[in-house]
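> Protein sequences appear in the order of chains A and B. For the first sequence, position 217 (counting from the first letter as 1) is numbered 217 according to the numbering used here, and the numbering increases by one without interruption. Count along the second sequence from 1, then add 411; that gives the number in the numbering used here.
Number of protein chains: 2
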Amino acid sequence: MPHVVIIGGGFGGLAAARQLRGAPVDVTLLDRRNHHVFQPLLYQVAMAVLSPGDIASPIRWILRHQRNVEVLLGEVDRVDPGGKVVHLVDGATFSYDYLIVAAGATHAYFGHDDWAAHAPGLKTLEDALVMRRRVLLAFERAEREPDPARQEALLTFVIVGGGPTGVELAGALAEIARQSLAADFRHFDPSSSKIILLEGGPAVLPPFPEPLRDAARRDLQRLGVDVRTGTLVTRIGPGFVETGSSRIAAETILWAAGVAASPLGAALGVPVDRVGRVFVQPDLTIPGHPDVFVIGDLASLAGPDGRPLPGVAQVAMQMGAHTSRNIVRAAAGQPLRPFTYRNLGDMATIGRASAVADLPVIKLKGWIGWLAWLFVHIFNLIGFRNRIIVMVQWAWSYFSYQRAIRLITGK
Amino acid sequence: MPHVVIIGGGFGGLAAARQLRGAPVDVTLLDRRNHHVFQPLLYQVAMAVLSPGDIASPIRWILRHQRNVEVLLGEVDRVDPGGKVVHLVDGATFSYDYLIVAAGATHAYFGHDDWAAHAPGLKTLEDALVMRRRVLLAFERAEREPDPARQEALLTFVIVGGGPTGVELAGALAEIARQSLAADFRHFDPSSSKIILLEGGPAVLPPFPEPLRDAARRDLQRLGVDVRTGTLVTRIGPGFVETGSSRIAAETILWAAGVAASPLGAALGVPVDRVGRVFVQPDLTIPGHPDVFVIGDLASLAGPDGRPLPGVAQVAMQMGAHTSRNIVRAAAGQPLRPFTYRNLGDMATIGRASAVADLPVIKLKGWIGWLAWLFVHIFNLIGFRNRIIVMVQWAWSYFSYQRAIRLITGK
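1. Output the residue ranges of the beta strand (DSSP E) runs that lie fully inside the stretch 425-496 of chain B and measure 3 residues or longer, sorted by chain position.
2. According to DSSP, which residues form a beta bridge with D346(A)?
3. When the Cα atoms are used, what is the spatial distance from L634(B) to R624(B)?
4. For the putative contact between F619(B) and V767(B), defined by C-beta atoms under 8 Å, what is the C-beta separation to the nearest angstrom?
5. Can you tell which of I176(A), A153(A), V25(A) and A299(A) has the C-alpha that lies nearest to the C-alpha of A316(A)?
6. Scan the stretch 565-598 of chain B for residues whose Cβ lies nearer than 8 Å to a Cβ of chain A and list them as they occur along the chain.
7. How far does the alpha helix (DSSP H) with F139(A) in it extend, from its first residue to its last?
8. For T409(A) versus L536(B), is the C-beta spacing smaller than 7 Å?
9. What separation, rounded to the nearest whole angstrom, lies between the Cα atoms of Q692(B) and V448(B)?
10. Which runs of the alpha helix (DSSP H) fall wholly inside the stretch 240-317 of chain A and span at least 4 residues, in chain order?
11. What three-state label does DSSP hand S603(B) in the structure shown?
12. Look at the alpha carbon of M802(B) and the alpha carbon of A331(A), and state the distance between them as a whole number of angstroms.
13. Checking 7 Å against the spacing of the C-beta atoms, do T229(A) and E210(A) come in under that value?
14. Can you give me the Cβ contacts of T645(B) inside the same chain, cut-off strictly under 8 Å, excluding the 5 residues immediately before and after it?
15. If you count every other CB in all the chains shown that lies within 10 Å of the CB of E486(B), and 16 or more means buried, which is it?
16. So, G572(B) versus A668(B), is the Cβ gap smaller than 7 Å?
17. Skipping 5 residues on each side, what residues in its chain have a beta carbon closer than 7 Å to that of P698(B)?
18. Would V496(B) count as contacting chain A if we go by Cβ distances under 7 Å?
19. On the premise that V45(A) lies in contact with I55(A), defined as a C-beta separation below 8 Å, what is that separation, rounded to the nearest angstrom?
20. When you compare the CB positions of A459(B) and I816(B), do they come within less than 7 Å of one another, or not?
21. Please work out which residues of its chain come closer than 6 Å, Cβ to Cβ, to I607(B), disregarding the five sequence neighbours upstream and downstream, and give them in chain order.
22. I'd like to know whether the C-beta of H36(A) is nearer than 7 Å to at least one C-beta of chain B.
23. Measure the CB-CB distance between V167(A) and V204(A) and report whether it falls below 7 Å.
24. 7 Å is my cut-off, CB to CB: does S462(B) come that close to chain A?
25. Is the stretch 775-782 of chain B in contact with the stretch 735-753 of chain B, if contact means three or more CB pairs nearer than 8 Å?
26. When you compare only the Cα positions, how much space is there between D77(A) and V86(A)?
27. If distances are taken between C-alpha atoms only, which option among S462(B), W666(B) and M542(B) comes closest to W526(B)?
28. Just to confirm the assignment, what range does the alpha helix (DSSP H) spanning V158(A) have?
29. Of all the CB atoms in chain A, is at least one closer than 7 Å to the CB of R555(B)?
30. Using 7 Å as the threshold, is the C-beta distance between A102(A) and G8(A) below it?
31. Is A15(A) near L63(A), with beta carbons less than 7 Å apart?
32. The beta strand (DSSP E) spanning R624(B) covers which residue range?
33. If you reduce the DSSP assignment to three classes, tell me which class R798(B) lands in.
34. Give a yes or no on whether the C-beta atoms belonging to E319(A) and I350(A) are separated by under 7 Å.
35. Pull up the distance between the alpha-carbon of G83(A) and that of L122(A), whole angstroms please.
36. For A316(A), would you say it is in contact with chain B, using Cβ-to-Cβ distances shorter than 7 Å as the test?
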């Protein structure tokens with residue numbers, strides 16, 4: 001039977017593996033982590049609402065009943081499309097008949113790698129725990145800080161980037177400061193914290209239609225977030241952010257701006273875009289190798305409007321399923337079909353009970369948007385257990401205003 | 412008002428702080444972590460049943476409504492009982508009128524500190540995550556290991572120490588291997604894993620009465636645990652454990668044997684026992700300093716049978732509450748009262764539905780023991796949220812045989 005190797009157990013790789021259930025192929029899924037993360041809720045781990053275990057499941061557990069799939073923990077070093085071999089960092093090699101590269105993307109700093117130490121980003125569970133740690137430690141240090149200026153810097157939180165992640169982080173952080181921590185400190189009022197959201201473009205949530213962008217901005221401001229659009233960050237250092245000639249003293253800076261594709265894309269030896277995404281052909285293969293498919297955040301493909309498809313879960317999942325159907329066709333001697341994207345809508349949440357949803361037939365905001373967001377996200381959580389737990393967790397968090405998972409762990 | 416400083420937010424320190432609710436004193440609770448851990452369930456985090464957030468809560472959250480208490484994050488360096496000052500590692504100092512030292516204990520290696528790298532112990536959330544990581548990684552590596560001898564070593568788990576922690580770890584690990592992982596691997600049968608429990612004494616669970624010790628041993632054996640009593644570990648190195656002249660090849664070794672008290676005890680300048688516990692007077696003060704109290708795992712006090720009271724939660728909690736009552740009496744000019752321990756019973760669980768409980772009026776085992784264990788432990792979990800979540804988690808884990816929090820994170 002043909003051997004399909006899938007690199008990456010994110011939304012794309014997992015959708016590809018699931019689509020191959022019962023197909024006459026042997027599948028090897030390689031990932032350098034043992035778990036799939038439900039990325040849209042990662043910010044809730046970073047903001048101490050959910051535990052890592054609520055939004056992540058072992059990949060081999062998700063695929064345990066699919067007997068034609070083996071899941072292996074391993075980090076891919078490079079791909080040799082000529083020899084049809086995948087090389088791991090530890091020296092192991094895997095031959096393939098068909099390869100699906102779904103290695104994803106991580107956050108990037110536009111060439112300012114020194115900013116990384118001062119402004120952590122959010123792509124993995126570990127990233128989320130680092131953010132949680134920094135935010136909670138800032139409040140702890142503020143409680144012991146006698147100097148008012150230093151205390152103010154400890155209670156100033158800057159979020160760089162006004163996309164969905166930045167908006168969600170800012171909204172959640174504002175709620176923590178204003179509500180969850182209200183009774184916890186004796187030497188300052190947590191609701192006096194400053195939460196500043198910096199966005200270089202003219203509006204937050206750039207891909208959304210204007211009425212929803214405006215609604216998001218108003219909701220953030222109502223939560224007490226200082227939203228500054230058209231503001232480019234020029235420098236980040238220990239305890240400060242500079243935007244042109246002005247400087248913000250902030251001990252906690254969270255990065256929600258740039259993205260860079262996995263270096264595995266460029267290593268394929270085919271053209272990539274400015275952030276390292278592979279220019280794929282309409283059938284998601286790479287030029288000259290009809291047996292190598294690149295999907296998800298690592299792929300650059302123009303959508304119906306001519307702009308590249310966004311790096312979101314639904315694009316990756318649709319690409320994964322499509323590619324597996326193409327592989328089954330190819331194995332049967334049939335031609336590959338081009339990929340077409342069906343946009344089911346975009347969503348972003350702003351705090352506990354407000355969200356914007358840009359759906360094909362309707363645009364939602366406020367409470368209704370939030371309910372839609374809740375339904376879609378809980379429905380899509382992989383693993384029955386997670387859904388129940390997350391529901392209980394949220395219900396409790398919602399009614400009590402508490403963030404009970406406020407643990408500082410690590411280091 | 413008199414200033415009471417409490418060092419440590421474990422069971423003892425927290426009970427002391429809570430007992431001072433409404434008392435005419437100002438309380439400062441210092442801890443180097445921001446969270447209280449429900450230690451009896453720590454093994455469930457180590458064995459991927461529960462998340463850290465299920466068994467830990469921020470100390471300041473627990474005490475948020477107690478307005479006479481401030482909770483500060485900080486590591487104590489030393490105490491100066493003459494000057495009545497506590498010095499932190501970061502240079503800060505706190506004067507006190509009354510001091511409660513509840514700094515606890517950690518695991519120790521009987522002078523073999525080099526064993527620590529190969530056989531992690533279990534005292535903090537971080538320790539539990541290290542154990543979880545090692546156990547899960549061993550299975551992952553076994554899936555990719557072609558050499559049968561090395562694969563066998565990867566699937567051999569040695570637990571050193573047959574006290575409650577060792578018994579609980581062994582039982583949970585056996586269930587994971589035999590049940591939870593059953594469908595997950597393609598290149599070995601997880602139920603072929605070897606779980607070996609080593610105990611130097613003649614029986615597991617030494618403090619329990621003989622019928623319960625025998626029941627625990629039988630239950631472990633029924634789960635497939637190889638219980639070896641009267642077996643002293645003489646050497647531990649990378650991938651092996653030696654017991655006299657025999658050697659076990661095992662990639663995963665878990666330490667549940669020795670304990671050492673916090674060095675803060677010895678630093679008080681008063682006599683300590685072999686593991687560093689302070690010999691306290693009947694009123695839990697130290698000789699020459701009627702304003703310094705040592706409680707919990709850090710205190711050595713003979714019980715009614717002449718043997719030192721065990722380092723368990725109920726001893727610490729009773730000592731904490733008693734000490735706070737004594738402080739209120741002392742502040743009112745009344746004499747201190749001696750501490751008397753009221754034993755409410757001992758419990759240990761062996762896997763999913765079996766436990767032994769040695770209660771004052773009755774001894775329980777099997778199913779009934781397990782229900783008693785479940786009730787007592789969930790009832791005592793601090794924070795309403797945790798109880799509900801842990802119940803749901805357990806119900807799911809129980810009915811599905813799944814350990815869904817099998818995440819390998821960190822490093």
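Every residue, glycine too, gets a C-beta built ideally from N, C-alpha and C.
Looking at the atomic coordinates:
1. Counting only runs of 3 or more, we get 437-442, 446-448, 467-469, 480-484 and 487-491.
2. D358(A).
3. 16 Å
4. 6 Å
5. A299(A)
6. A594, D595, F596, R597 and H598
7. Residues L125 to E143.
8. yes
9. 28 Å
10. 263-266
11. In the structure shown, S603(B) sits in a helix (DSSP, three-state: H, G or I).
12. 48 Å
13. no
14. Closer than 8 Å at Cβ, skipping near neighbours: E653, T654 and G655.
15. A residue is called buried once 16 or more other Cβ atoms fall within 10 Å of its Cβ, and E486(B), having fewer, is exposed.
16. yes
17. V681 and Q692
18. No, V496(B) does not count as interfacial toward chain A.
19. 6 Å
20. Less than 7 Å separates the beta-carbon of A459(B) from that of I816(B).
21. Cβ neighbours of I607(B) within its own chain (closer than 6 Å, five residues either side excluded): V569 and D637.
22. No - not a single Cβ of chain B is within 7 Å of the one on H36(A).
23. yes
24. yes
25. no
26. 8 Å
27. W666(B)
28. Run containing V158(A): none in the alpha helix (DSSP H); it sits in the beta strand (DSSP E), T156 to V160.
29. Yes, contact with chain A.
30. yes
31. no
32. Looking at the DSSP string, R624(B) is not in any beta strand (DSSP E); the run it does join, the alpha helix (DSSP H), is E621 to R633.
33. Here R798(B) sits in helix by DSSP.
34. Glu is not the amino acid found at residue 319(A); the sequence shown has Met there. Result no, Cβ atoms of M319(A) and I350(A) do not sit closer than 7 Å.
35. 36 Å
36. no
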